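S.K.: Under my numbering, the sequence shown has 152 at position 135, and the numbering climbs by one with no breaks.
Questions regarding the structure given below will be posed in turn.
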Amino acid sequence: MSTASTASFSSRLAQVKPSPSVAAKARVDALRAAGRDIIDFTIGEPDFPTPEHIVQAGARALAEGATRYTGSAGTPALRRAICAKLQRENRLDFQPGQVIVGTGAKQLIFNAFAATLNEDDEVVIPAPYWVSYPDMVLLNGGTPVIAPSSAATGFKLTPEALRQALTPRSRWLVLNTPNNPSGAIYTESELGALCEVLRGFPAVRVMTDEIYEHFAYGGARHLSPLNVAPDLADRTLVVNGVSKAYAMTGWRVGYAAGPLDLIRAMTLLASQTTTCASAVGQAAAVTALEGPQECVAQARDLFEQRRDRMVSGLATIPGVSCSSPDGAFYLFPSVQGLLGKTTPQGRLLAGDPDVAAYLLDAVGVASVDGSSYGMPGYLRLSFATSAAEIDRGCAAIAQAVAALR
Ligand code: PMP
Numbered sequence: 018m019s020t021a022s023t024a025s026f027s028s029r030l031a032q033v034k035p036s037p038s039v040a041a042k043a044r045v046d047a048l049r050a051a052g053r054d055i056i057d058f059t060i061g062e063p064d065f066p067t068p069e070h071i072v073q074a075g076a077r078a079l080a081e082g083a084t085r086y087t088g089s090a091g092t093p094a095l096r097r098a099i100c101a102k103l104q105r106e107n108r109l110d111f112q113p114g115q116v117i118v119g120t121g122a123k124q125l126i127f128n129a130f131a132a133t134l135n136e137d138d139e140v141v142i143p144a145p146y147w148v149s150y151p152d153m154v155l156l157n158g159g160t161p162v163i164a165p166s167s168a169a170t171g172f173k174l175t176p177e178a179l180r181q182a183l184t185p186r187s188r189w190l191v192l193n194t195p196n197n198p199s200g201a202i203y204t205e206s207e208l209g210a211l212c213e214v215l216r217g218f219p220a221v222r223v224m225t226d227e228i229y230e231h232f233a234y235g236g237a238r239h240l241s242p243l244n245v246a247p248d249l250a251d252r253t254l255v256v257n258g259v260s261k262a263y264a265m266t267g268w269r270v271g272y273a274a275g276p277l278d279l280i281r282a283m284t285l286l287a288s289q290t291t292t293c294a295s296a297v298g299q300a301a302a303v304t305a306l307e308g309p310q311e312c313v314a315q316a317r318d319l320f321e322q323r324r325d326r327m328v329s330g331l332a333t334i335p336g337v338s339c340s341s342p343d344g345a346f347y348l349f350p351s352v353q354g355l356l357g358k359t360t361p362q363g364r365l366l367a368g369d370p371d372v373a374a375y376l377l378d379a380v381g382v383a384s385v386d387g388s389s390y391g392m393p394g395y396l397r398l399s400f401a402t403s404a405a406e407i408d409r410g411c412a413a414i415a416q417a418v419a420a421l422r
């Protein structure tokens, strides 16, 4: 018999919620295990496997002995490959010493906050935001300051909203372009205007999360803030990784490039926590970055077709309004037109979480509520799934909406 434990947990942990997208995925898995037919629009990763030439490179690396610890900033080969990639694709100059490899971009974002934040330091996070940023700030004793945006600004932070959010305690601005969940891509002039505001706040660093950079559609083109404001290089951290571009989410390899002092601080932290990203993952990432890039263009084209398919599938559903995102692999439709309606079971749809719950219960469509991304009134629907599932899901949403009163 065990006695009740009085062992406690950290007060910082109490401020943190489980990642809503990870929780939504767990719900999908549980419902499927219980035999329900679920159309999963919560997926935050490509639905196809890592390209074969990268898998083969990983297998070869294992056979050749990539089975040991590496340096805490990553292998020299991968850091060189990252510098070459940043030069070739982003026109950004970094030396290998200014690059750190980690177990996914996620860990590097956490480590950047852990290495820099002191109690009550503020981090400006534009909404809608990737769900993990505010919680990572809280876990490191900082205070997330949410800067609002709206559909009218294309879900992008304006210079005015940035200026309002900045205080003497601000330490970071987090930019994510292309954006999860809205798909928004900042243009050159939009980035320029934000960087101009930052020139007046020299204590504020810029974290630019560019993990969706290759998923830009139509005429949209990804730019890094550093492309338009090279003078901010001594306080900008470029965060990226191989997860999304090369369908390598499970390999857990991300990277960050920035000023030497910050990279050294993050490397110290890694040396006392994770030691390094997996050796085999790093070896495979070298091949991803240096090998043929057709797989990236193919993935981009496929996602663009799926985006168009899902946008037209939702277009005729009354109460659901969706613009076509410039990038990433999510739609972010407004469901404000459904709020106030009642389900056939007599439940009132008071907010977007009710709409997400109704779609899951009524027709088995899994989505994530916009409130979780700091943007009530919206849903996030991933189109990283097959055309057949997109068609089935849109038809199911239409059916569920038609049954509302
Ligand atoms: N940033 C954003 C905006 C993301 O959506 C994700 C993954 N969902 C990550 C970072 C983390 O990517 P990873 O840790 O797999 O590199």
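The beta-carbon is built from N, C-alpha and C at its ideal position, and this holds for glycine as well.
Please read these numbers as outputs of a predicted model, since none were measured by experiment.
1. For the stretch 24-40 and the stretch 145-156, state whether three or more C-beta atom pairs, one from each stretch, are separated by less than 8 Å.
2. Closer than 8 Å is the cut-off here; do at least three beta carbon pairs connect the stretch 113-129 with the stretch 268-279?
3. Within the structure, which residues are defined as neighbours of ligand 1 by a Cβ-heavy atom distance below 6 Å, reported in chain order?
4. From the DSSP output, which residues share a beta bridge with D137?
5. Please classify A246: does DSSP put it in a helix, a strand, or coil?
6. Per DSSP, what are the beta-bridge partners of I56 in this structure?
7. In its own chain, which residues sit with a C-beta less than 6 Å from the C-beta of A287, not counting the 5 before and 5 after it?
8. In chain order, what residues of the same chain have a beta carbon less than 6 Å from the beta carbon of T360, not counting five sequence neighbours either side?
9. Quick one: is N193 buried, meaning 16 or more other Cβ sit within 10 Å of its Cβ, or exposed?
10. Let me make sure I understand the geometry here. Which of V380, A262, Y395 and Q322 has the alpha-carbon closest to that of A12?
11. If you follow the beta strand (DSSP E) that I280 is part of, which residue opens it and which one closes it?
12. Between the C-alpha atoms of Q353 and R422, what's the straight-line distance to the nearest angstrom?
13. Check V372 in the structure and name its three-state DSSP category.
14. Between which two residues does the alpha helix (DSSP H) holding Y150 run?
15. Can you name the start and end residues of the alpha helix (DSSP H) that L79 belongs to?
16. State the Cα-Cα distance for the pair T204 and L240, rounded to the nearest angstrom.
M.R.: With the given structure in hand:
1. They touch, by the three-pair rule.
2. yes
3. G61, G121, A122, K123, W147, N193, N197, D226, I228, G258, S260, T266 and G271
4. DSSP output for D137 lists no bridge partner at all.
5. coil
6. V382
7. Taking A287 as the centre and dropping the five residues before and after it, the same chain places the C-beta of S89 closer than 6 Å to its C-beta, in chain order.
8. Y375
9. buried
10. This structure leaves residue 12 out entirely; the chain is present only between 18 and 422.
11. I280 -> not in any beta strand (DSSP E); alpha helix (DSSP H) instead, spanning L277 to S288.
12. The straight-line gap from Cα to Cα measures roughly 15 Å.
13. helix
14. S149 to L156
15. E69 to A80
16. Going from the Cα of T204 to the Cα of L240 covers about 7 Å.
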